[in-house]
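Participant: Sending over a structure as structure tokens; questions will come in a sec.
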Amino acid sequence: MPKNSKVTQREHSSEHVTESVADLLAHEEPVDYKRSVLNVTGETWDKQKDGDEDLDAENRPAWNSKLQYILAQIGYSVGLGNVWRFPYLCQKNGGGAYLVPYLVLLIIIGLPLFFLELAVGQRIRRGSIGVWNYICPRLGGIGYASCLVCFFVGLYYNVIIGWSIFYFFKSFQYPLPWSECPIVKNGSVAVVETECERSSATTYFWYRETLDISDSISESGGLNWKMTLCLLVAWSLVGLAMIKGIQSSGKVMYFSSLFPYVVLVCFLVRGLLLRGAVDGIMHMFTPKLDKMLDPQVWREAATQVFFALGLGFGGVIAFSSYNKQDNNCHFDATLVSFINFFTSVLATLVVFAVLGFKANIMNEKCVVENAEKILGYLNTNVLSHDLIPPHVNFSHLTAKDYNEMYRVIMTVKEGHFKELGLDACLLEDELDKSVQGTGLAFIAFTEAMTHFPASPFWSVMFFLMLINLGLGSMIGTMSGITTPIIDTFKVRKEVFTVGCCIFAFMVGLIFVQRSGNYFVTMFDDYSATLPLTVVVILENIAVAWIYGTKKFMQELTEMLGFRPYQFYYYTWKYVSPICMAVLMTASIIQLGVSPPGYSAWIREEAAEKFLFYPTWAMAILISLIILASLPLPLVFILRQFHLVSDGSNALSVTYKKGRMMKDISNLEDNDETRFILSKVPSETPSPMPTHRSYLGPGSNSPMEMSSAPNGRYGSGYLLASTPESEL
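Residue numbers for the sequence shown follow the UniProt record's numbering, beginning at 1 and rising by one.
Structure below.
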């Protein structure tokens, strides 16, 4: 003890002392118990390591502003799925009726679990590995599993950004290169490319010009150099955005998060002015109430909620770990969740306004083609002129007139009608052609834009929007890898980020060979769904049942300054785990019922064909699921049988300027409570310091002081009961 310390001075004084422990500690020099008599572990003090830990706790990067943080979370959660997955599910599962199960599940599953991840990240101020090691060491594999899933998803997600980059640069020309089929020379005769003629210009451009796709996953076909270059550009963008951590990625978010909304609003205004846009929107939101009773609809809604918010990936935890301890993460969770929902609805309006316009164009084309067939039959006397209503004018034939004529011919020529090869040309049939994913973005939407006035401008805007949506999600996904690894293993941020991007690019070359699109489909369908569902269930169990919901609610009360609604207590403890378990069971059943396969593009047929995965591809598929889930049982076994240290016996307490920072590495709940607080586990520490009189150096009364901790690495403190004589 320094000779000039306040405690030493009081020991040599007869003056009665009534100062509180907190007042005493405020004047003490920093004391580390690893260097003092309270070093209960007997471990050697490592000055360098200790200094690094203190520096890390004190100088953790922080967001420049609350707006920057909110935009980062929005940019991460609002991704490509909002634009091309949600509209498809909405159309497929009952139109406006689908919004009801989606909103219900968003409230009882999405919002509570999103709030939980934000809270643990902000509370413990570590990435996913550190968070779950702290809450439950035996479930520390959750963090490693999240990192692996982020890696798998990042591999193929950046390929989609590469495709968008390719289309973006191809959009700077008029007419757009996918607006017409190419002409090829067959000797001295110029003919339309057969594959394009049998499909469509946009379909041909996607499968042949962009992907140059092979007929099956077994036919590699070598690297597609154009896509390889675009993938390199995509990883370069991600690396530059991530290289300085949130200092660089936070600034990128100002543009990448806001620009898509500008584009969506512009497209909505332009789309509503197009002929047939209202037909698409009315078709979209006409509710089919019977669909609400279908369990499959609820399963798909739950899956979409789950992935839309980015639960389980670790990106949410990583972003929130850079927050101040008193940040209102409950408000953040509610705001981001509902912004995500309304973004999906906005994107759905845009998509179906444009697809309604496209459906009218295609329906008119169908009417013209079939009217020419009917004229041919009339001229060859296959059909009688008496079958044509007198008011029908073939030079200005409307869809209504054609449908009337079609029904008359079908009735009269009932026995031979199929031989005529006439189509009904119903607008509803065109609107019912559901498309999702790459089919929506790179085929259906691009075809619609070819009919826009100033189509190159709209194409540039659309694909720039996709690039920014993808980039925002990629930054969050990569943060789910870099933040926990840097926190845990103390590697250099810049070196690790660059190395990670280079390694991911090299592995990602599998996606830019001619059969690469089939691997994208495999990874998208199987690498994340089941492992992430298990991860989120274990996250929920770790907090609600192992760490303790009451304890967690109490800590949230101390951190936020108000007690969260009891709604969260019951959803965390009962509702969410049950719903997630049902979702996991349904996903496993779905995997068993639907044999794994993919849609292959057959060049000779100029059409898609469903193929089953070969044996070697099935082995890769199963390996993906096992590898992503492997850290969960592996870490549990290693720590359960003490094959590796979980740090549960390590205790260091550091006094600093009137406060103490505790570092309790993964103590069991009961052990922690008894050792640190000297209380029974059921007792809750008082949120305010307990002031006791200092009775002098000869006293044997223990000094007790407990304060509500502001997180493991925060400014709160807990002091073990120690005799004053040891001070």
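Note that the Cβ used here is the ideal one computed from N, Cα and C, for glycine as well.
1. Would you kindly report the start and end of the unbroken beta strand (DSSP E) that includes Glu608?
2. With a threshold of 6 Å on Cβ separation, who are the neighbours of Gly75 within its own chain once the five nearest residues in sequence on each side are excluded?
3. Buried or exposed: Tyr322, going by 16 or more other Cβ atoms within 10 Å of its Cβ?
4. Can you say whether Asn224 is buried or exposed, counting buried as having 16 or more other CB atoms within 10 angstroms of its CB?
5. Assess, as a yes-or-no matter, whether the segment 109–124 is touched by the segment 499–513 under the definition of 3 or more beta carbon pairs within less than 8 Å.
6. Sorted by chain position, which residues of the same chain lie with C-beta nearer than 7 Å to Leu349's C-beta, five sequence neighbours on each side aside?
7. Return the chain-ordered list of same chain residues with a C-beta closer than 8 Å to the C-beta of Ile409, the five sequence neighbours on each side being excluded.
8. Taking the straight line between their C-alpha atoms, what separation do you get for Cys90 and Lys551?
9. Between Tyr156, Glu193 and Tyr526, which has its C-alpha nearest Glu209's C-alpha?
10. Among Ile589, Leu583 and Asp524, which has the Cα closest to the Cα of Leu155?
11. Name the two residues that bound the continuous alpha helix (DSSP H) containing Trp163.
12. Strictly by DSSP, which residues pair up with Val192?
13. Going by DSSP, what residue range makes up the beta strand (DSSP E) through Gly310?
14. For Val153, collect the residues of the same chain with a Cβ closer than 8 Å to its Cβ; drop the 5 residues on either side in sequence, then sort them by chain order.
15. Under three-state DSSP, which class holds Trp616?
16. State the CB to CB distance for the pair Leu120 and Val536, rounded to an integer number of angstroms; the pair is presumed to be in contact (CB under 8 Å).
17. Run the CB neighbour count on Pro260, radius 10 Å, all protein chains shown included, and call it buried at 16 or more, exposed below.
18. Out of Phe519, Tyr574, Arg563 and Leu530, which one is the CA nearest neighbour of Ile213?
19. For Ile537, report the span of its beta strand (DSSP E) as first-last.
20. Pick helix, strand or coil for Leu99, following the three-state DSSP scheme.
21. Strictly by DSSP, which residues pair up with Trp458?
22. Nearest-angstrom Cα distance between Gly294 and Tyr88?
23. Take Arg603 as the anchor and find which of Ser200, Phe172 and Gln73 has the nearest alpha-carbon.
24. Just curious, the beta strand (DSSP E) that Ser599 is in, first and last residue?
25. Please state whether DSSP places Leu375 in a helix, a strand or coil.
26. Does the Cβ of Met580 have 16 or more other Cβ atoms within 10 Å, making it buried, or fewer, making it exposed?
27. Ser648 by DSSP, collapsed to three states: which one?
28. Going by alpha carbons, who is nearest to Leu365 out of Thr203, Gly187, Val412 and Thr398?
29. Taking the alpha carbon of residue 744 as the reference point, which residue from Phe172, Tyr207, Glu404 and Arg275 has its own alpha carbon closest?
30. From Ser320 to Ala586, what distance separates their C-alpha atoms?
31. At which residue ranges does the segment 397–458 contain complete alpha helix (DSSP H) runs of 4 or more residues, listed in the order of the chain?
32. Mind pulling the alpha helix (DSSP H) runs of 4 or more residues that sit fully within the segment 230–292?
33. Alpha carbon to alpha carbon, what distance is there between Val305 and Leu105?
34. List the residues that DSSP assigns as beta-bridge partners of residue 731.
35. Could you check what DSSP says for Ala333 in three-state terms: helix, strand or coil?
36. Using CA coordinates, which residue listed in Cys329, Gly141 and Val263 is at the minimum distance from Phe562?
Facilitator: Per the coordinate set shown:
1. Locating residue 608 in the sequence shown gives position 608, counting from the first residue. For Glu608, the enclosing beta strand (DSSP E) covers residues Ala607 to Phe612.
2. Translated into the one-based positions of the sequence shown, residue 75 becomes position 75. Around Gly75: Met253, Ser256, Ser257 and Gly472.
3. Here the question's residue 322 lines up with position 322 in the sequence shown. So Tyr322 counts as buried.
4. Residue mapping note: residue 224 aligns to position 224 of the sequence shown, counting from 1. Counting C-beta atoms within 10 angstroms of its own C-beta, Asn224 has 16 or more neighbours from the protein chains shown and is therefore classed as buried.
5. The way I'd put it, the segment 499–513 doesn't touch the segment 109–124; fewer than three beta-carbon pairs between them come closer than 8 Å.
6. Taking the sequence shown and counting its residues from 1, one reaches residue 349 at position 349. For Leu349, where only same-chain residues beyond five positions count, the Cβ hits under 7 Å are Leu268 and Ile281.
7. In the sequence shown, counting from the first residue as 1, residue 409 sits at position 409. Answer for Ile409: Ile374, Leu383, Leu387, Phe417, Leu420 and Leu422, listed in chain order.
8. Mapped onto the sequence shown, residue 90 falls at position 90. Mapped onto the sequence shown, residue 551 falls at position 551. If you take the alpha carbons of Cys90 and Lys551, they lie about 40 Å apart.
9. For the purposes of this step, residue 209 is taken as residue 209 along the sequence shown, with counting starting at 1. Closest option to Glu209, Cα to Cα, is Glu193.
10. Looking up residue 155 in the sequence shown gives position 155. When only C-alpha atoms are compared, the closest one is Asp524.
11. As a working note, residue 163 is residue 163 in the sequence shown. Its alpha helix (DSSP H) spans residues Gly141 to Lys170.
12. Here the question's residue 192 lines up with position 192 in the sequence shown. According to DSSP, Val192 bridges with Ile183.
13. Taking the first residue of the sequence shown as 1, we reach residue 310 at position 310. Segment: none, Gly310 is in no beta strand (DSSP E) and carries neither H nor E.
14. Counting from one through the sequence shown, the residue named residue 153 turns up at place 153. Around Val153: Phe313, Thr477, Phe523, Ser527 and Ala528.
15. As a position in the sequence shown, residue 616 is number 616, starting the count at 1. In the structure shown, Trp616 sits in a helix (DSSP, three-state: H, G or I).
16. Within the sequence shown, the letter at position 120 stands for residue 120. Within the sequence shown, the letter at position 536 stands for residue 536. In the sequence on display, residue 120 carries Val and not Leu. Actually they do not touch by this definition, with Cβ atoms about 12 Å apart.
17. What you label residue 260 is simply residue 260 of the sequence shown in a count that begins at 1. So Pro260 counts as buried.
18. Position 213 of the sequence shown, counted from the start, is the residue given in the question as residue 213. That would be Phe519, whose Cα lies nearest to the Cα of Ile213.
19. Here residue 537 refers to the residue found at position 537 when the sequence shown is read from its first residue. Ile537 -> not in any beta strand (DSSP E); alpha helix (DSSP H) instead, spanning Thr529 to Ile541.
20. As a first step, residue 99 must be located in the sequence shown, where it is residue number 99. In the structure shown, Leu99 sits in a helix (DSSP, three-state: H, G or I).
21. As a position in the sequence shown, residue 458 is number 458, starting the count at 1. Beta-bridge partners of Trp458 (DSSP): none assigned.
22. On the sequence shown, position 294 is the one that residue 294 refers to. On the sequence shown, position 88 is the one that residue 88 refers to. Note that residue 294 is Asp in the sequence shown, not Gly. Near 17 Å, if we compare the C-alpha coordinates of Tyr88 and Asp294.
23. Here residue 603 is taken as the residue at index 603 of the sequence shown, counted from 1. Checking every option, the nearest Cα to that of Arg603 belongs to Ser200.
24. The residue labelled residue 599 in the question sits at position 599 within the sequence shown. Its beta strand (DSSP E) spans residues Gly597 to Ile602.
25. Here residue 375 is taken as the residue at index 375 of the sequence shown, counted from 1. It is helical.
26. Within the sequence shown, residue 580 is the residue found at index 580, counting from 1. So Met580 ends up on the buried side.
27. In the sequence shown, counting from the first residue as 1, residue 648 sits at position 648. Its pLDDT being 43, under 50, Ser648 is placed unreliably by the model, and the measurement read from it follows with that caveat. Three-state result, Ser648: coil.
28. Taking the sequence shown and counting its residues from 1, the one referred to as residue 365 is at position 365. Per the sequence presented here, residue 365 reads as Lys, with Leu not at that position. Ranking Thr203, Gly187, Val412 and Thr398 by Cα distance to Lys365 puts Thr398 first.
29. This structure cannot settle anything about residue 744, because the visible part of the chain is limited to 1 through 727.
30. By 1-based counting over the sequence shown, the position of residue 320 is 320. By 1-based counting over the sequence shown, the position of residue 586 is 586. Near 31 Å, if we compare the C-alpha coordinates of Ala586 and Ser320.
31. 399–412, 417–420, 427–431 and 445–449
32. 246–272 and 277–285
33. Position 105 of the sequence shown holds residue 105. Position 305 of the sequence shown holds residue 305. About 7 Å.
34. As displayed, the chain neither begins before 1 nor continues past 727, which places residue 731 out of reach and without an answer.
35. By 1-based counting over the sequence shown, the position of residue 333 is 333. Of the three classes helix, strand and coil, the one that applies to Ala333 here is helix, per DSSP.
36. Position 562 of the sequence shown, counting from 1, holds the residue named residue 562. The residue with the shortest Cα to Cα distance from Phe562 is Cys329.
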